Each structure stands twice: as C-alpha cells, then as structure tokens.
Amino acid sequence: MKNKNLWKKVKRFRSIYILLIPVIAYFVVFSYYPLILGIVKSFQKVKLLGNSEFVGIDNYVTVFTGSQYHQAFVNSLIVGGGTFIFQFFWGLIIALVLNEIRNKIARSSFQTVTFIPYLLSWSVVGGLWITILSPTGMINGFLQLFQGSSFTPAAFMAEEKYARFIMIFTGAWKGAGYFAALFMASIVSIDTSLYEAARIDGATRIQQIRYITIPVIVPTMKVVAVLSVMGILRNFDQIFVMMNATISDKVKNLLYLIYEQGILKFNVGEATAAATLVLVATLLITQVVRKLLHYDQIYE
Amino acid sequence: MKRSKLSNNLRGGWAVLFVVLAVITAVIMFLPMWNVIVVGTSSTLDSGSSGLKLWWHEFSLEGFEYVFEVTKLARPFLNSLFVTTVGTVIQVFLAALAGYVLIQKELPFRNAISSFIMLTMMIPGDLTLISVYQLNKQLNLLNSYTGLILNGLISGFSIMMMRNYFQTVPYTLEEAARIDGSGEMGIFVKIYMPISLPGLATVFFMEYVARWNSIMLPATLVTDESLYTLPVMLKAMIMSTESTSGAQVAPNNAIMAAIIITTIPLLLIYIFAQKFLLNGISMGAVKE
Amino acid sequence: MQKRWLAAGMAGVMAAGVLAGCGGSTSQATTSAAGTSSSSSTTKIAETTKGTAKASGSVKILSNVTGGKDDEEMALFEKALSEATGLDVTIDKPASDYDKVLMQKLGAGSDYDLVYVTASQYASLVDQGALLDITSYVNNSDILTNNIDPQEWKDITIDGKVYAGFNKKEVHRAVHINNTLLKKAGVDYKTVEPTFDGYYNMLKALKDSSDDPEFYPLDEVMSQAWDLQPFFAAVGAKEGVVIDDNGKKYAPYAEDSAAPVWEWFKKLYDDGLLDPGSFVDKTKDMRAKMEASSQKTAVTADWAAWVGLHNSNAQAAGLTTDDYEIVSLPGLQTPDGTYMLGKGAASLFAVPANAKNVDGAIKVLEYFATQEGGNLLSSGIEGYDYTGTEGNYTQTEIGKKHGNDHGAPFPIYKDYKPLFPYATGIEEAMSYAKYAAIDTIIPNESDFKEIVGKWGIRIIKGEVFTTEGLQSMRDELVERGVTER
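Chains A, B and C, in that order, give the protein sequences.
Residue 169 in numbering that gives the first Met the number 0 sits at position 170 of the first sequence, and the numbers go up by one each step.
Residue 236 in numbering that gives the first Met the number 0 sits at position 237 of the second sequence, and the numbers go up by one each step.
Residue 79 in numbering that gives the first Met the number 0 sits at position 80 of the third sequence, and the numbers go up by one each step.
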C-alpha cells in the first residue's frame, strides 16, 4: 500500500527527476567511480607500476595504531573546528556591519577589501603572516612600542603555545569575507519594507538586526555551517605553507600526513586508507551537524 | 531623511563598536593585497629584501617586465577566460536546476538525493588522486579543453547554495503563480530565478574564483603548453627555474606581479557582480 | 545503474591490476637476467652493446626542470636532443606540483622511458619495484662508465643495483659570508680559524660592528636542519642517517657526541649572534636576509651556486664588489683536520619498470654525460640561447635570462668545460667540492629534518637540557622508522 503511494509520487515527479539526470550522471562518473577505485586501493599494498596485492585491512590497522595519526586527528579537529567557528562569527559580523553601511562606495569597497584574502592563495598570505609574526615583524614592533627597551622579540611561529591559535586566526581571517559574501546574498533579499515598518514601530537598529536580519539568514547560516563542517578535516594548504618543525606536534594534520605518505613516499595504500577514514569521519561529523541543525527541514 | 533616522537608531556604543570593527577588519584584510602591490612594483633588488614591505623604497615595473618577457600571457589568459566562463555558466545553470529539484516539498527520495550530492563534497582529493587521472586518461580527456571544462563541472556546493537561496522564496508566490496557470518551468524562470538573483550571482562568482584559481587539475590534465591556464602558466614561470642546487629563481617582484595579473580579472568580475549583490531586489517589485 | 558502474569500476581495477602485473613480471625477468648474467659477463656485454647500437625509435621523458623554458624552446630542445641521439625524443614537463603529477602518472601505469626523480623518491620507487635495473647497461656503456665519476654511481647504487642515470652534477653547500660587512668588522675571512671559537669571534665581530638591532650575523634554516653540516664537522658528525658496524641505521646529529655543536648554537643564540628567525625561516627567507638589499645576516650555509647568484643579483642592480660581495668558506675543521660539506641528493632520470625503449633511454642518459649534452643541459640550444663558433660563443638575450640552466647548471660529465664563465665567487665555492659527500639516500628524509629540527631548536632555546633533547630526538627518530637505535 505504502509502496504503491510512493510509486505514484515518483511518477508524479517524473519530469522533475529528469532535470537531475545530468547531475547524477556526472557525479557517478567523476566522483563515485574514482572514489570506489580509491577505496579499493586502501585495501592493497599498492606498488606503482607493479603488482598491487590485496592485504585486507592492514593499511587501516597501520593508520589506527600509528600515534602520528592520533595526534594529527586531534590537531585537525581543533584547528579545523576552531577556524570554522571563528570564521563563522567573523563573517557574520562583517555581513551585519556591511548591511549598516549606507554609503554605496564605502560599502562596496569594504566588501571588496574583506573578500581579498580569499582571492589570494595560501602560498602568498601564509608567507605574509610568517613575516608579520617573525621576531623582526610587525607584531613584535607593536609590542616593543608598549614595553620599551626591556623588550625581547618573540618568534611566535616557533612557540608551540601560540601555534594553534595562529592557524585558527589566520584561517578565519582568510575565509571570513567569503562567509560574509554568502550571508550578504540572503540579507539583500530582505524586503526593505520590513525595516520601514519596524522603524515606524520604534524598533532600534539593534532590535531590527536581532528580529529581522538574523532570522532571515538563519537558513543560510545552517547551510554554510553544514557545508563548511565538511571541510574542517581537509585543511592542507595552510598547514603546508605555515608549519615548521617546532610546532609540527601541535598543527600537523591528517591531510598533511596523507600527503607525506602518499605523495612524498609513494605509500599509496596507507595514504588512501587514511583518506578513506577522513571521509568517514567527515561523514559522521556532517551527519551530527545536520541533525543538530535540522538541516533537511525546509519551509519551517 | 533615512540617514537621520538611522543615526538616531544606531548610536552610542554600538555605533562606535561597528565603526571600530569595520576599520580594524578592513585594515588587516587589506594588508596582504597592499603588500603584494608594493612588492610587485618595487625594483628587483628591493623586492628581494627581507621583512614586511608596506611602502616603496624605489618604485619600478621591472617585475611586470620580467613576467611579460619570460612568458607569453595572451594565450593562457584566453584559455582561462574560456574554460572558466564556459564551465561556470554550465555549472550554475545545472546547479540551479538541481537546487530547484531539491526544494520540491514532497519529492520522494529528496533527502537521499541530497546526501548523494553532499557525499561528493566530502571526498578528500588524495583519495582519488590516481583514479581521477586514470579516468581522464580512459576518457581521452588529457590535454583537451573538454577535460578542463568537464572536470569539476558540477559542484555539490553550488547545488546546496542554490537550494538554500531558493528556499527563501515565499511559498505564497509560487502558489499564486500556480493559480495563474504557470507550469513548472514557468515558475522556476519567472519566480525563483529573479528573486534568487543575488544568490545566483554569489554562487556564480564563488565558482568562478575557484575555477580561475585552480592549479592542481590543469597541472595534472595538461602538459601541452598551448592549453595552460593563466595561473598554471604563471606558477610554471615561478617554478620552472627552481632546481635543487639553487639555480636562479624568478625574483620576488615578478612573482608578485604574476599574482596581481591573475587577481585583477577576478576583482573586475567581483565589482561587476556586486551590482547584483549589493543592491538587492525588493520582494515588492516582484509581486507587482 | 549505480551497480553497473560499480561493476565497471571493479573491472577497471582488475584490468589495471593485471596490466600492471605484466609490467612488474617483465621487469623482474629482466632483473633476474641481469643478476644471473654476472657469472657470464660476456653474454651481457654482447647483449647490451648490440642494444645500444640499435637504439632507435621514440623515447618519452617526464621531466621536472630539464628542457626548454617554454613551448617554443621545448620544441627546439626536443629537436636538438633527437638529432644528437638519433631518436625521437618527447618531453612532458608538468607546469607545477611535480610530485603529485609523477605519482598520478606512475599510479595510472604511464608509459615513459625516463622519469625525473629525487633521491628520496628514487629509494621509494626502487623499494616498490617500480624501476628497472639498468646495472648491466651502465657497466657496458663506455660513456656512462668513463665520463662519470665512479663515486656518483656508488652513491645511487642500492643493493648492488642501479636503476637510474644522472640529470646533473650535484653541488655542495658551503658557508657563505658577506665579505663587505666582515671587512668593516676588521676581519679577513681567510684568517678565520676553523674552530668553534674562531667562528664565534668572527660572528661576534660582525655583530659588534653593526648598529642595526635587527641584524644577526648567523642565519640557518634550523627547522629543517638545513644546512648544519659545515658546523657538525667539528665533531665529525655526518648529516642524515649513517649505518654503524652492526648494520644499524643511526643519526650522528642525534648522538651525545654531537652535543658540543648544539651547545655552541645555544651559546650563539643566547649571545644574540644566531637569528631567532632561524627557527621559522625557510631557505627563501634566509636568502632574502643575505641579499644586498637587506643584509640582515652575514653568514649562512647554502648551495655553492648561491654565492654567485647573490653576487650577480647585486651586480645586475649596479652594485660593485666593494658595495657587496659574498665569499665562501668550508666550515669548521673535523677532529682529523679536514672538512665536511653536504652535497645535494642526486636528481636522477630513472627508467620505469614498464619502459618500452630501454636502449633509447640509455642513449639519452649517455648523451647527458657528454660535453655536448652538458652544453645543452646548461647553456641551452645553439642558435637560440647562444650563437657564434666554437671557443667564441656569445649568449643571446634569451640565453642570459635562462642563466645557463636548462636542467643542469653543472652537468654530470666529469671533465665538463662550461661554455660561459661562472659568476663571481663560484670558483672559490666550487673548490671545496673535494670535501663534499652525499647523504645516504633514505625514503623518509622529511621525517629526519622535522625531528632533528624540532628537538634541535628546543635545545638551542633552552627548553630542554641538551642530553635530554638528544635522547628525545633519538627516540622519535626510531619511533618514526628513520633510524634503528
């Protein structure tokens, strides 16, 4: 009975499903097929140009028992999660501030400027932050102004205690404008008459933000949250550029380890096993966030 | 009139806080680009010096001269423009369609389909590094424009963002259109597309940036220089002379000049896209 | 539909496996043939001489740095190489991310006859059986045996077998000194004593003669343990991993006998002579501080070629040797009165296990080891990068831009005569080549650098006691499989 109903429904939406065919076909060929090939490799001792033999779950055992991977997982979660949260709120603030700027030119330039870090690659801005944080860099310069002659410059990038914070801050700095742009796309579609009405009712600007702007962008905030949570374990470029040996214990993450194993040492079996586990962990995290945020409910 | 009301409403501590936040953010966000500009227009010798450079010691266009001398940029620029524009237009179109499908309230398997799409966004690149190459080889996509366009043609990100922006369209509007006798396609084109224009523009731009800046895929797919995209060409220029025992590398000002050259088109497009992003569209206008 | 794709995927994997399997077994066959033939060397000679003589057909090369700088020059490069070898040579040069591309191409079973690899990659690939044993080809080639220093071959021999030929001659790293600043400090670099105290006094004099608070006389890339060899020579410790009498791998830098060097660095740091930036700088930053435009440091250890580059960069900007001059020294003296310098790990052209034209590949490697091949790899293409007649060549504008480097600034041919003179200071730096030795090739070189750098910095900063830090260094090296004791 239930099945019959479902079938009827499917039939009713036939024309809609057709719209999806190109998308599904594309993903099957360009995402799922390579994915399956990749996962198969994770069960092999892969020899480039040689006989790859199936070794069962050996690669997974190596990954699970390697203390390096444990540490890297913790680092990935802390730095990735921290960056996401920081970036999220920073982006939100930028979007709200943007919405308050009435002068068109000021508004447009502010949005462009906040977006610039996103346009540049880590190899550019990573090197820049290393310079700013160096013993002769800008931060030490400022500190010296306040502390005077007794001041000894610190090599911030060589201090384990600052390492994660630096990664989180610079990561958020690079992506905040990007999040802000995503939020802005929702904010601008708010019917301006709503603000008008609120003003007539005597609502302060802060109240307008609280009761009009925020509720409208909540769905976008959810989407941005879910989509970005998928990326927290996948931060490679930043760590690759900004890590050094002194702070590696605190910031070396899973993708960096995978890169070392897979690319530098041609240890493809182990690298794909670790990458598969990253996929599984991402899936779990995303699933939790999706449930927490009631992501799949529409028209609430 | 509006302005006076605003300043009445947003005053005191909050106003100060907003201004301070805006200024601090703007300054630290602008720093890198400024640094890139200064180094890119410094003399070769100055650009090689250490430390953060925020002002010119000696203004010079040597870096740009170097870039234009050692690389031919016209072809890669056109390649980038072609591949990125075609790819992004197709992508946004398909993403809009898929996003529209995913907001159909009663669509069977809706959540399953969105899970299917979202999973593709979670795959770490390292997992498919070899197999993606294998696939492209099997499909004869190496060294071809088709390969450059086809890889990454559809992204879960755009679909999910489009779905989100469509969701904000009030259902009443759709209902009204349905009563007026509009078909599925009609509703999509007449109601959803115009209201979601800011979203559409945002997604278009984000994907444009991602495609434009993408280096890894072209580097893998293309060894024929006539197919190089702009970032790949410039990266190749920076890297080509970097050998292990320290032969000459491209000077810093040339590297920064290369970054300026790749970024300018994006900034132009962003300024263009802002027309849609910042003005917004009032619902009222659509209703009438 | 999905099921079918899954099935197709599986089939694809199987097919790939089978294909790759074939490649693997043929290579094994060749290997064992070469191995057993050592008893009957006459057949081997016959076999390979015949092979080299009939080298023809096409050779496909995957290269990182070797070749033309753009499409136009690459075509000329391929043409020149083809004409010289009688082969049809094509070169694929990925634009960037070479390591990734190499891995992908090998992973997908690509069809190259020569692939450019670093020493570390070479070791990994040999380990996986991805390369072809070409020992017999090498032994039977007059050019390969006579034109190349036997030590070079020894350096890349793994378990008695060779799987690759050379891209270039690797130079060594030496101590670079800003002579202009040193003269200002009243010291003649030739008289600096090659001891801890001698170098300390030199650095102290440099520091005292400078008014710049941001000036630190010594800068090293500590975080990558790069390059400390000239200083660890003082206790006779060799960089990287060494095999002891019992056949166990160990790292001399991590031994207690190396403690005096670490403590000397600590003293330099405490006395403000070692740049604190050393802990985070990359080689690029170190070089930037050494450049004429900054001069934030005066002593570094870097490739011999960089002496010339620093000097010619300054000269290109109109400075004279009185304004800025970099000179070089071989570092501290070892307990037995000589010097130790680190040499670049080889960059090689390896022959993949599934190479189709091994004879052709050998022919190309032979050409690279001749004067003419060296000219092509360094100065470039006659008529494009340089013109003129023998003994009277001049570089074109393009040739000058390319700086005598088309893959090999120093070609592997042992008696190679450069077409154009070296930049200021290089002759002197190159004269220390006799002290240089290559590191043992290990697959996990990056782990070594990271661990030694990490604990070394902790010792220098005084966060751990020297002996404790060295103990931790050794423990972690063993844990990560870099060393065995």
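For every residue, glycine included, the Cβ atom is placed at its ideal position computed from N, Cα and C.
Please read all numbers here as calculations on a predicted model, not as lab measurements.
Contact of A/M183 with chain B is assigned, a C-beta pair being separated by under 9 Å. If you check the CB distance, C/Q223 and C/T299 do not come in under 9 Å. Residues are counted here when their Cβ sits less than 8 Å from a Cβ of chain B; for the region 289-301 of chain C these are E290, A291, S292, S293, K295 and D301, given in chain order. About 4 Å separates the beta carbons of C/G359 and C/V58, which is inside the 8 Å limit, making them a contact pair. Per the Cβ contact rule, the region 221-241 of chain C is in contact with the region 329-348 of chain C (3 or more Cβ pairs under 8 Å). Within the region 72-147 of chain B, complete beta strand (DSSP E) segments of at least 3 residues are not found at all. Per DSSP, C/L328 lies in no alpha helix (DSSP H); the unbroken beta strand (DSSP E) holding it starts and ends at I325 to L328.
Residues of chain B whose Cβ lies closer than 8 Å to the Cβ of C/M102 are, in chain order, L128 and I129. Under the three-state reduction of DSSP, A/A202 is assigned to coil, being neither helix nor strand. Using a Cβ distance threshold of 9 Å, C/F447 and A/T245 do not count as a contacting pair.
A check of alpha carbon separations from C/M429 across C/L101, C/K68 and C/V170 identifies C/V170 as the nearest. The Cβ of A/D248 sits closer than 9 Å to at least one Cβ of chain C. Residue-level contact check: C/G164 does not touch chain B, since none of the beta carbons of chain B fall below 9 Å from its beta carbon. Per DSSP, C/D70 is one residue of the alpha helix (DSSP H) stretching across D70 to T84. With a cutoff of 9 Å on beta-carbon distance, C/G276 and A/P134 are scored as near each other. Contact of C/P93 with chain B is assigned, a C-beta pair being separated by under 9 Å.
Counting C-beta atoms within 10 angstroms of its own C-beta, C/K399 has fewer than 16 neighbours from the protein chains shown and is therefore classed as exposed.
Within the DSSP bridge table, the entry for C/F348 names C/Y115 and C/G164 as partners. When secondary structure is reduced to three states using DSSP, C/D87 falls in the strand class. The beta carbon of B/E224 falls within 9 Å of a beta carbon belonging to chain C, placing the residue at that interface.
Contact of C/V279 with chain A by beta-carbon distance below 7 Å involves I129, S133, A154, M156, A157 and N243. The distance from the Cβ of A/A71 to that of A/L226 is about 23 Å, inconsistent with a contact at the 8 Å cut-off. In summary, C/S62 is buried, with 16 or more beta-carbon neighbours lying within 10 Å of its beta-carbon over all protein chains present. For C/S57, the three-state secondary structure derived from DSSP is strand. Close partners of C/D96 in chain B (Cβ separation under 8 Å): I214, M215, A218 and T219.
In the DSSP annotation of this structure, the continuous segment of the alpha helix (DSSP H) that includes A/R13 starts and ends at R13 to F26. Under the criterion of beta carbons closer than 8 Å, C/T393 and C/G387 qualify as touching, at roughly 5 Å. Against chain C, a Cβ distance below 9 Å from A/E259 picks out N443, S445 and D446.
Counting every other CB atom within 10 Å of its CB across the protein chains shown gives A/F182 a total of 16 or more, marking it as buried. C/N245 counts as exposed, since fewer than 16 other C-beta atoms from the protein chains shown sit within 10 angstroms of its C-beta. If you check the CB distance, C/L131 and A/L47 do not come in under 9 Å. For chain B, the residues of the region 52-76 of chain C that bring a beta carbon within less than 8 Å of one of its beta carbons are V64, K68, D69, D70 and M73, in chain order. Take B/V69, set aside five residues on each side of it, and the residues of its chain with a beta-carbon closer than 7 Å to its own are M236, in chain order. Within the model, the alpha-carbon separation for C/I176 versus B/T261 is close to 38 Å. Judged by beta-carbon spacing, C/V234 lies beyond the 9 Å limit of C/T482, meaning their Cβ atoms are not closer than that value. Looking at the DSSP output, C/Y385 shares a beta bridge with C/E381 and C/Q394.
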